[in-house]
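Reading through the structure tokens given below for one structure.
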Amino acid sequence: MENRLEELLHLPTLEVARRLLGAEIVRDLPEGRLRGRIVETEGYLHNDPACHAVREVPGGVCHRHTRRNDSMFGPPGRAYVYFTYGNHYMLNLVTEPDGIPGAVLIRALEPLEGVEIMLAHRQVDPRNLTNGPGKLTQAFAIGKDLDGHDLSQPPLQIIPGDPLPDAEIVTTTRIGITRAVDKPWRFYIKGNPWVSRK
DNA sequence: TCTTAGATGCGCT
DNA sequence: GCGCATCTAAGAA
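Residues 119 to 316 (this note's numbering) are what the first sequence spells out, left to right.
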């Protein structure tokens with residue numbers, strides 16, 4: 119039961135993104151325990167212009183290692199949490215070996231436990247609790263203090279389950295970006311009502 | 001149900 | 001100063 123996450127960390131980023139579908143996120147807070155099931159992910163790669171750790175240069179791309187994206191250059195299995203749009207935190211699982219940037223953005227969860235606590239963090243219609251990357255971090259009280267956190271350990275854990283059959287996984291282009299918009303690097307669980315958008 | 005615009009603050013150039 | 005891996009309220013239908 120221990121460290122099933124470790125097995126995923128040797129896989130390529132896009133494979134990790136698929137394997138995270140159906141995984142559980144467990145968040146331990148003073149108020150209680152929150153659990154959710156990952157239903158939507160996106161991959162961001164080392165040679166991907168949409169990735170925070172990549173910059174476009176004439177004739178191609180190169181890495182850009184800054185304080186903000188430092189976690190992505192570290193060992194896999196940690197969290198990359200960043201702040202954007204003046205309001206929102208985003209949660210990623212860092213992938214790829216130490217020194218090579220890569221990450222999987224967690225875009226949506228199906229709530230499993232602690233809904234009352236989530237509603238205390240987000241006073242919205244329950245259907246909108248965790249069906250978006252900024253929504254789920256607010257519901258789960260995930261902020262910059264968890265940037266770099268080892269996601270195999272409390273107070274924030276990712277616990278993978280068995281791989282889903284391919285027939286249950288939908289592959290599409292990514293959402294909310296302006297570069298590399300044609301890459302089919304977004305994945306979600308077919309028919310799941312908590313997916314942010316079809 | 002859908003589409004649109006404004007909010008919001010920080011990191012990077 | 002600009003640009004965001006977004007969300008919400010408001011308005012039309």
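Beta carbons are placed, not taken as given, at the ideal position from N, Cα and C, and that holds for glycine.
Per DSSP, what are the beta-bridge partners of residue i in this structure?
i: Leu274; result: Arg145
i: Val179; result: Glu174
i: Asn165; result: Per DSSP, none; premise fails for Asn165.
i: Gly266; result: Note: Gly266 sits in no beta bridge, so no partner.
i: Gly150; result: Leu147
Thinking C-beta only, is residue j closer than 7 Å to residue i?
i: Arg155; j: Leu230; result: yes
i: Ile287; j: Phe305; result: yes
i: Leu127; j: Pro194; result: yes
i: Gly266; j: Ser314; result: no
i: Ala141; j: Gly294; result: no
i: Arg151; j: Gly232; result: yes
i: Glu133; j: Ile235; result: no
Specify, as a first and last residue, the run of the beta strand (DSSP E) that residue i falls within.
i: Phe201; result: Ala197 to Thr202
i: Val175; result: Val172 to Val175
i: Val212; result: His206 to Val212
i: Phe305; result: Arg304 to Ile307
Compute the beta-carbon to beta-carbon distance between residue i and residue j, rounded to the nearest angstrom, for a pair I have assumed lies under 8 Å.
i: Tyr203; j: Arg186; result: The pair is not a contact, with the Cβ atoms about 14 Å apart (cut-off 8 Å).
i: Gly192; j: Thr131; result: Contact doesn't hold; Cβ gap of about 15 Å is too wide.
i: Glu214; j: His164; result: 6 Å
i: Ala257; j: Arg240; result: 5 Å
Could you check where the alpha helix (DSSP H) with residue i kicks off and where it finishes?
i: Val222; result: Not the alpha helix (DSSP H): Val222 falls in the beta strand (DSSP E), residues Ala221 to Glu231.
i: Val134; result: Thr131 to Arg137
Stretch pair the stretch 216-226 + the stretch 151-163: three plus CB contacts closer than 8 Å: Counting Cβ pairs under 8 Å, three or more are found: they touch.
Contact between the stretch 247-258 and the stretch 203-222 (3+ Cβ pairs under 8 Å): With three or more CB-CB distances shorter than 8 Å, the stretch 247-258 counts as touching the stretch 203-222.
Touch test, the stretch 266-276 against the stretch 163-172, Cβ-Cβ under 8 Å, three pairs minimum: These segments do not touch.
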